[in-house]
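Working notes, structure below.
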Amino acid sequence: MNAIEVRKISKSYGKLKAVNEVSLEVQEGELFGLIGPDGAGKTTLFRLLATLIAPDSGSASLAGYDIVKEYHAIRSCVGYMPGRFSLYPDLTVEENLNFFAALFNVTVEESYDLVAPIYKQIEPFRERRAGKLSGGMKQKLALSCALIHRPKVLFLDEPTTGVDAVSRKEFWDMLQRLKEKGITILVSTPYMDEASRCDRIALCNEGRILGIDTPTGIVNGFRSPLYGIKAKNMFALLEEARKARGVEDCYPFGESHHLVADSEFNLDNFKKDFDGFEGFFIEPVEPTIEDMFIKLMKQ
Amino acid sequence: MKNNFISFVKKESLHILRDKRTMLIVMLIPVILMILFGFAISTEVNNVNVAIVAPHRSDGVKEAVERLASNDYFTFLGYIDEEQADEYLRSGKVTAVIVFDTEYDRNVALAKSGVPVKPVIELILDASNVNTAGSAAAYLQSVLLGSASEQAMFETRMLFNPQMKSAYNFVPGIMGAIFILVCAMMTSVSIVREKETGTMEVLLVSPVRPFKIIFAKMIPYFTISCIVLVTILMLARYLLEVPMSGGVGGIFALSLLYLVLSLSLGLFVSTITKTQVAALLISAMVMLMPILMLSGLLFPIENLPKFFQAVSTIVPARWYIDAIRKMMIQGLPIIAVWKDCIILLAMTALLLAVSLKKFNDKLE
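Here the protein sequences come in this chain order: A and B. To convert, note that position 114 of the first sequence is 258 in the numbering used here; the numbers rise steadily by one, no gaps. To convert, note that position 314 of the second sequence is 468 in the numbering used here; the numbers rise steadily by one, no gaps.
This is the structure we're talking about:
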């Protein structure tokens, strides 16, 4: 059985189609990533699935419960961690955890084995007010609170936004461990580099899903040859490369530009043409999820 | 079923206890307002300096002056000449100058035998403070008349509040205004804060039903309001010496009903606002004016234009203040104000019903 099934769900705010006929399926025990920039509709999709808002059309079910008709049942079996820090800053770490346990009619002891690996890291600060924690610790507390009732499905809306690189890595390690315990996780992130930590990902943009596959599947779908080019004057290089023959697309990518070639592209001719650029350098590169995202976005 | 309701109340109480500044404001403002209105802002006759112009200090005049001088509310500064009266009033040395007619004794005697005579006493008052001047004039008259003529054409007697103490008038009014403002503000802000900080999102994605959230929030605020209520009643009774002859039990019961009404009003405000600022603006600014102007706190309802009289019927404070006045000052039992009670009860029920219906268990 699929833990999450979404069928052509849509939600508009005025003229803005925040979520536009989105369909996806997440298997039980899967770590599924929604990858996309701000405004892609990730948060709206989360709110729809968490039964916080009602869809305009389409349907979805969670653990077999319909999100519209059986939303009370869903609310007991999902853990939801909104993008914004949503705990009580004036309560201590311990008080927050106890409160959320009571909210779901459980005790902290009952679920301690599940939250312990995460909560142990912040336990030394249990007397501290939640508002005074660092960003990484806040996330750990929020995750502990979202897990306290042993949810079947866990929704994490951009959990790593505003968290330092080390904490981000730790966070993904924690998700991996939770997945191993059989919890289905739907996580969104604007960081493409985090996508590879998911079992499957959906690339989304402007309320639509551009593609769903495993991270390798997504990358393999990028069939065109891809090159990285560099020169001293990067801006002029970009301008010229875009005009060159056989170049499908060229865009800045970190320290270099990525160049997507089409069938007319000839590497030797291209090298000759661009030799005039000071410090010109070209090499074939492996496509990443971000390259695929850019490609899909332009289609 | 573990008690998520109790932990909700506990959490709500922690919020309040941790926010010491707000707590202090909520507890102190009623006390300050009571003292301010009870003492400082008063229209009552107190320490009125009086000078007397009496060309002929006859026995009748002396008797009247003695009466005046022995009264605690007036300070007799002495006899002055008629020409000095203007200067005394202008410089603020005195608030009132009493001019006795030269024919005082004879005219009083005539009046006693029923012959109509022209006035025998002239009161000149500094009316730059209209309220004080008015009360002083009325009170001076009643003191002087007693000596001037037992046979006077009319006799005014101030029942319930013979000294026209303004505290008697203001205490019920202040109570009516404070409770509704404090309670409505506290509840509305506390609910809207959850929306604003995003915690409402998490609360909703849980098995807890909205009405539980609402009642859990009301309980601690109700407790605080009760403390404020007791403080105010103690201040009124022992500091301002308001009689409360209608029975403290009844006053308390009615006030509790009014507290619930005010909390429900706050709840209602929270269901129609999205930010704490908006909630504060509505519960403090928008409601303040009708509560002050249309509740009988500052102006008697009967003196309002017809239109505003009609509007005032939906101001809860109007009914509460009316009932509390009757119970505190006139000494009526709670049965006598059953009409006000029923209106307040109906308003509470209506507000609660509407808010519960409007309090969405969705985000929009």
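Where a beta carbon is used, it is the ideal one built from N, C-alpha and C, also for glycine. Computed from a predicted structure; not experimentally measured.
Exercise. Does DSSP put P428(A) in a helix, a strand or coil?
Worked result: Reading the first sequence from its first residue, position 284 is the one you call residue 428(A). Look at P428(A) here: in three-state DSSP terms it is strand.
For this session: Using 10 angstroms around the beta-carbon of V193(A), count the other beta-carbons present and answer buried if the total reaches 16, otherwise exposed.
Result: Locating residue 193(A) in the first sequence gives position 49, counting from the first residue. Just to set this straight, residue 193(A) is Leu in the shown sequence, not Val. In this structure L193(A) is buried. Its beta-carbon is surrounded by 16 or more other beta-carbon atoms within 10 angstroms.
Problem set entry | Closest residue to L394(B) among S167(B), F191(B), L168(B) and R175(B) (Cα-Cα distance) | The residue labelled residue 394(B) in the question sits at position 240 within the second sequence. The residue with the shortest Cα to Cα distance from L394(B) is F191(B).
Exercise. When burial is assigned at 16 or more other CB atoms within 10 Å of the CB, is D301(A) buried or exposed?
Worked result: Numbered from its first residue, the first sequence carries residue 301(A) at position 157. In the assembly as shown, D301(A) is a buried residue. Its beta-carbon has 16 or more other beta-carbons within 10 Å.
For this session: Classify G177(A) as helix, strand or coil using the three-state DSSP reduction.
Result: Numbered from its first residue, the first sequence carries residue 177(A) at position 33. In this structure, DSSP gives G177(A) an extended state, which the three-state scheme calls strand.
Problem set entry | T377(B) (DSSP reduced to helix, strand or coil) | Indexing the second sequence from 1 puts residue 377(B) at position 223. Note: T377(B) maps to helix in three-state DSSP.
Problem set entry | Beta carbon proximity, Y263(A) to chain B, threshold 8 Å | Counted from its first residue, the first sequence places residue 263(A) at position 119. With 8 Å as the cut-off, Y263(A) does not count as an interface residue toward chain B.
Exercise. Who are the neighbours of V346(B) on chain A, taking C-beta pairs under 7 Å?
Worked result: Mapped onto the second sequence, residue 346(B) falls at position 192. Neighbours of V346(B) on chain A: none; closest Cβ ~15 Å, over 7 Å.
For this session: Give the interface partners of T353(B) over in chain A, defined as CB-CB distance under 8 Å, in chain order.
Result: Against the second sequence, residue 353(B) aligns to sequence position 199. Identification of chain A residues near T353(B) by a Cβ-Cβ cut-off of 8 Å yields S230, L231 and Y232, ordered along the chain.
Problem set entry | Buried/exposed call for H401(A), threshold 16 Cβ in 10 Å | On the first sequence, residue 401(A) is found 257 positions in, with the first residue counted as 1. A buried status is given to H401(A), since no fewer than 16 other beta-carbon atoms sit within 10 Å of its beta-carbon.
Problem set entry | Cβ neighbours of M482(B) in the same chain (closer than 8 Å, five flanking residues each side left out) | For the purposes of this step, residue 482(B) is taken as residue 328 along the second sequence, with counting starting at 1. So the qualifying residues of the chain are Y322, V325, P326, A390, V396, P397, M398, S399, G400 and I405.
Exercise. Just curious, the beta strand (DSSP E) that Y215(A) is in, first and last residue?
Worked result: Residue 215(A) sits at position 71 when you count from the first residue of the first sequence. Taken as a continuous stretch (DSSP letters only), Y215(A) belongs to no beta strand (DSSP E), being part of the alpha helix (DSSP H) at Y215 to C221.
For this session: Over the uninterrupted beta strand (DSSP E) stretch that includes K374(A), give me the two end residues.
Result: Reading the first sequence from its first residue, position 230 is the one you call residue 374(A). Boundaries of the beta strand (DSSP E) harbouring K374(A): L370 to K374, taken from the DSSP string.
Exercise. So which residues of chain B does V222(A) contact, with C-beta pairs closer than 9 Å?
Worked result: Counting from one through the first sequence, the residue named residue 222(A) turns up at place 78. In chain order: V359.
For this session: Return no unless some Cβ of chain B is closer than 8 Å to the Cβ of P226(A).
Result: Position 82 of the first sequence, counted from the first residue, corresponds to residue 226(A). For P226(A), at least one C-beta of chain B is nearer than 8 Å to its own C-beta.
Exercise. Under the rule that 16 or more other beta-carbon atoms within 10 Å means buried, what is P428(A), buried or exposed?
Worked result: Locating residue 428(A) in the first sequence gives position 284, counting from the first residue. Residue environment analysis places P428(A) among the exposed positions, since fewer than 16 neighbouring C-beta atoms fall within 10 angstroms of its C-beta.
For this session: Please go through the same chain and pick out, in chain order, the residues whose beta-carbon is closer than 7 Å to the beta-carbon of K349(B), but skip the five residues on each side of it.
Result: Position 195 of the second sequence holds residue 349(B). If we look at K349(B) and ignore the five residues flanking it on each side, its Cβ neighbours are K428.
For this session: Below 8 Å CB to CB, which residues in the same chain sit around A407(B) once its five sequence neighbours on both sides are set aside?
Result: Walking along the second sequence from the start, residue 407(B) turns up at place 253. Contacts found: I488.
Exercise. Which residues in chain B sit within 8 Å of R219(A), going by Cβ to Cβ distance?
Worked result: By one-based count along the first sequence, residue 219(A) stands at place 75. Residues of chain B passing the Cβ test: L358, V359, S360 and P361.
Exercise. Expressed to the nearest angstrom, what Euclidean distance is found between the alpha-carbon atoms of V166(A) and A375(A)?
Worked result: Here residue 166(A) refers to the residue found at position 22 of the first sequence. Here residue 375(A) refers to the residue found at position 231 of the first sequence. V166(A) and A375(A): Cα-Cα distance of roughly 42 Å.
Problem set entry | Partner residues on chain B for F248(A), Cβ-Cβ distance less than 7 Å | Numbered from its first residue, the first sequence carries residue 248(A) at position 104. Below the 7 Å Cβ cutoff, chain B contributes S360 and P361 as neighbours of F248(A), in chain order.
For this session: Counting only runs of 3+ residues fully inside the stretch 350 to 395 of chain B, write out the beta strand (DSSP E) ranges in chain order.
Result: Here no run is fully enclosed.
Exercise. Below 8 Å between beta carbons: does that hold for D308(A) and G280(A)?
Worked result: Indexing the first sequence from 1 puts residue 308(A) at position 164. Indexing the first sequence from 1 puts residue 280(A) at position 136. Cβ distance < 8 Å, so D308(A) and G280(A) count as in contact.
Problem set entry | With 16 other Cβ atoms within 10 Å as the buried cut-off, status of T195(A) | Counting from 1 along the first sequence, the entry for residue 195(A) is found at position 51. Under a 10 Å Cβ-count criterion, T195(A) is classified as buried, with 16 or more other Cβ atoms of the shown protein chains found around its own Cβ.
Exercise. Can you name the residues of chain A whose CB is closer than 8 Å to the CB of K165(B)?
Worked result: Along the second sequence, read from residue 1 onward, the residue named residue 165(B) stands at position 11. In chain order: Y232, L235, E239 and F243.
Exercise. So what does DSSP say about T333(A), is it helix, strand or coil?
Worked result: Working through the first sequence from its first residue, we reach residue 333(A) at position 189. Here T333(A) sits in strand by DSSP.
Exercise. What's the call for S267(B), buried or exposed, on a 16-neighbour Cβ count within 10 Å?
Worked result: Position 113 of the second sequence, counted from the start, is the residue given in the question as residue 267(B). Exposed, by the Cβ-count rule.
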